[in-house]
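Structure, rendered in structure tokens:
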């Protein structure tokens, strides 16, 4: 349970951190930036995440309005997670993390 | 203890997430982007962080090379944490989080 101060902090960085300041949420965002994913696909791709943590993370992100959950009436029903417009607006954050990671890895290699 | 796969993942976003994909580390980075800070100052500013978590976070960040720890020979000795050149190179990530947080807060206010 997050406190009001955590959800509505004064500092804009803290605001963002309250929504995605967490390893798994950041990796979920990274995946959803490419295309919608199903639960089992995410579970398989995010090595080391438990079902419970993935479920909780997705629920929180849905409640925070950064992802959507769509149920397709098939047999068995297909459930897909996708970025909302708000989540999509976080793309520049993930892009700057990708850029930094790339230059860090290039530097490590040349050492 | 982090595994090799966590420290040297294939994906550049995961590389960055391994270093700062954590609420407290992101908030520490935010503070250190402004100026060097002492332990007690950080502890006071980061509401809700325990001494142990702050100590562990600073040690990991020092080991990862993103912050420096400088001891000034005063009585009592003064210890300051600052961004390393590598840590400073993460500024664009924090700036994009700040920008996103600002526009999110502005939007929330106008609703």
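Residue numbers (this note's numbering), protein chains in the order written: chain W, 1 to 111; chain Z, 1001 to 1111. Think of the CB as a built atom: it goes at the ideal place given N, C-alpha and C, for glycine as much as any other residue. Just so we're clear, the structure is a prediction, and the values are computed from it rather than from any experiment.
Option nearest residue i by Cα separation, candidates the options
{"i": "residue 40 of chain W", "options": "W:90, W:24, W:51 and W:11", "result": "W:51"}
{"i": "residue 1014 of chain Z", "options": "W:36, W:45, W:81 and W:83", "result": "W:45"}
{"i": "residue 1032 of chain Z", "options": "Z:1109, Z:1083 and Z:1108", "result": "Z:1083"}
{"i": "residue 1027 of chain Z", "options": "Z:1042, Z:1076, Z:1038 and Z:1018", "result": "Z:1042"}
{"i": "residue 1135 of chain Z", "options": "Z:1034, Z:1048 and Z:1020", "result": "Because chain Z is modelled from 1001 through 1111, residue 1135 of chain Z falls outside the range shown and cannot be assessed."}
{"i": "residue 59 of chain W", "options": "W:75, W:94 and W:25", "result": "W:25"}
{"i": "residue 1009 of chain Z", "options": "W:72, W:38, W:12 and W:47", "result": "W:47"}
{"i": "residue 1018 of chain Z", "options": "Z:1107, Z:1030, Z:1105 and Z:1063", "result": "Z:1063"}
{"i": "residue 61 of chain W", "options": "W:16, W:75 and W:72", "result": "W:16"}
{"i": "residue 1076 of chain Z", "options": "Z:1093, Z:1030, Z:1038 and Z:1029", "result": "Z:1038"}
{"i": "residue 1054 of chain Z", "options": "Z:1072, Z:1029, Z:1110 and Z:1073", "result": "Z:1029"}
Interface partners of residue i on chain Z, CB under 7 Å
{"i": "residue 98 of chain W", "result": "1012 and 1013"}
{"i": "residue 23 of chain W", "result": "1017, 1021 and 1022"}
Supposed contact pair residue j and residue i - C-beta distance, whole angstroms, cut 8 Å
{"i": "residue 130 of chain W", "j": "residue 1096 of chain Z", "result": "Not covered by the structure: residue 130 of chain W. The range shown for chain W is 1 to 111."}
{"i": "residue 1080 of chain Z", "j": "residue 1036 of chain Z", "result": "4 Å"}
{"i": "residue 1105 of chain Z", "j": "residue 12 of chain W", "result": "6 Å"}
Contacts that residue i makes with chain W (C-beta to C-beta distance below 8 Å)
{"i": "residue 1092 of chain Z", "result": "96, 99 and 100"}
{"i": "residue 1026 of chain Z", "result": "13, 17 and 21"}
Neighbour list for residue i in chain Z, Cβ cutoff strictly below 9 Å
{"i": "residue 30 of chain W", "result": "1011, 1013, 1014 and 1017"}
7 Å Cβ cut-off: residues of chain W touching residue i
{"i": "residue 1104 of chain Z", "result": "15"}
Neighbour list for residue i in chain W, Cβ cutoff strictly below 9 Å
{"i": "residue 1089 of chain Z", "result": "100, 103 and 104"}
Report task. Could you say if the stretch 59-73 of chain W and the stretch 83-94 of chain W meet the contact criterion of at least three C-beta pairs nearer than 8 Å? Result -> yes
Report task. Give, in chain order, every unbroken run of the beta strand (DSSP E) that is at least 3 residues long and sits entirely within the stretch 20-66 of chain W. Result -> none
Query raised in the report: Which ranges does the beta strand (DSSP E) cover as unbroken runs of at least 3 residues, wholly within the stretch 73-103 of chain W, from first to last along the chain?
Result: 78-83
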